Amino acid sequence: MKIVVIGGTGLIGSKLVQKLREQGHEAVAAAPNTGVNTLTGQGLAEALKGASVVVDVSNSPDWDDAAVLKFFETSTRNLLSYEAAAGVKHHVALSVVGTDRMSESGYMRAKLAQEKLIQQASIPYSIVHATQFFEFLKGLADISVVDGKVHLPHVLFQPMAADDVADALARVALGAPVNGMVEIAGPEQFRVDELVRRRLAALNDPREVVADPNARYGGAKISERTLVPGTNARVGKTQFETWLTQSAARAA
Ligand SMILES: NC(=O)c1ccc[n+]([C@@H]2O[C@H](COP(=O)([O-])OP(=O)(O)OC[C@H]3O[C@@H](n4cnc5c(N)ncnc54)[C@H](OP(=O)(O)O)[C@@H]3O)[C@@H](O)[C@H]2O)c1
Numbered sequence: 177m178k179i180v181v182i183g184g185t186g187l188i189g190s191k192l193v194q195k196l197r198e199q200g201h202e203a204v205a206a207a208p209n210t211g212v213n214t215l216t217g218q219g220l221a222e223a224l225k226g227a228s229v230v231v232d233v234s235n236s237p238d239w240d241d242a243a244v245l246k247f248f249e250t251s252t253r254n255l256l257s258y259e260a261a262a263g264v265k266h267h268v269a270l271s272v273v274g275t276d277r278m279s280e281s282g283y284m285r286a287k288l289a290q291e292k293l294i295q296q297a298s299i300p301y302s303i304v305h306a307t308q309f310f311e312f313l314k315g316l317a318d319i320s321v322v323d324g325k326v327h328l329p330h331v332l333f334q335p336m337a338a339d340d341v342a343d344a345l346a347r348v349a350l351g352a353p354v355n356g357m358v359e360i361a362g363p364e365q366f367r368v369d370e371l372v373r374r375r376l377a378a379l380n381d382p383r384e385v386v387a388d389p390n391a392r393y394g395g396a397k398i399s400e401r402t403l404v405p406g407t408n409a410r411v412g413k414t415q416f417e418t419w420l421t422q423s424a425a426r427a428a
């Protein structure tokens, strides 16, 4: 089966392309540096020729509110219209657990806009809502700095390894469209501030992490269960400590 992975050169996309190829599928990595740009439409018609499934794991290079909204709206509109013309039978997109609970965040509003366009289009779809990636913990610290310290709320958190995200996406892409959401998450629950503190310690990053009840998450006020999935989430296998050891070994 031909499966086009939009954002197939990124963190999740490159893992997904590899996993699909290992299972014998023709997986195409589509991204600006392979000649495919969903913002302009460049290379899309050619890349989608003969494709049964498209998985969109692209991300905006720029995260300010207006830029990210423009990215997800324009690229999703273009992609869906080229997919309709090419006869694509399943559109899979990666989004975030709790998007609808974090509409104070410009990034989450952009992801919601992406989801709405997919729901309104004619192509059968599956939207995968993932929790935060272990790989994103340092990035989360970086966007949560106030006066040199990392401010995060002491709320529940169930992040997962990028490898498990890619495994789950491969399963969804190879299955029938659900025309709805699938939630995926890690196997353990933590507190946001505690886990980011552990990640920074492992990186020898000296920044202090402050448990701050008023701290926002990417601009959104969040509460105890905002970031965690419902009871039907599909749970990945990689535990945080295992991932930490493996990523330290890779870095060495
Ligand atoms: N971070 C988290 O914890 C988290 C949690 C849940 C869901 N997600 C979602 O996961 C998705 C993937 O994240 P990621 O970390 O794997 O992203 P990433 O590593 O930043 O990769 C982004 C990909 O998008 C491609 N791209 C950028 N502009 C494009 C364009 N105009 N046309 C086509 N492709 C374009 C990039 O291509 P180039 O390399 O050529 O620029 C790259 O392949 C995002 O949609 C995000 O919302 C993230």
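Residue 177 is where the sequence shown starts when you use my numbering, and the numbers rise one by one after that.
The beta-carbon is built from N, C-alpha and C at its ideal position, and this holds for glycine as well.
Keep in mind that this is a model prediction, so the values were computed, not measured.
Query                                                                                                                                                          : Result
Enumerate, from N- to C-terminal direction, the unbroken alpha helix (DSSP H) stretches of 4 or more residues contained entirely within the region 293 to 342. : 313 to 318
In whole angstroms, what is the alpha-carbon distance linking Ser279 and Leu255?                                                                               : 24 Å
Going by DSSP, what residues sit across from Leu270 in a beta bridge?                                                                                          : Val304
Report the rounded CA-to-CA distance for Leu376 versus Thr185, giving the unit in angstroms.                                                                   : 26 Å
What do you reckon, is the C-beta of Ser271 under 7 Å from a heavy atom of ligand 1?                                                                           : yes
For Val322, count neighbouring Cβ atoms within 10 angstroms of its own Cβ and tell me buried if that reaches 16, exposed if not.                               : exposed
Considering only the alpha carbon of each residue, which of Ala396, Val368, Pro363 and Arg373 lies closest to Phe416?                                          : Pro363
Classify Gly356: buried if its beta carbon has 16 or more other beta carbons within 10 angstroms, exposed otherwise.                                           : exposed
How many angstroms separate the CA atom of Val354 from the CA atom of Pro300?                                                                                  : 8 Å
According to the neighbour-count rule (16 or more other Cβ atoms, all chains shown, within 10 Å of its Cβ), is Val307 buried or exposed?                       : Here the sequence assigns Thr to residue 307, which means Val is not the residue at that position. Classification for Thr307: buried.
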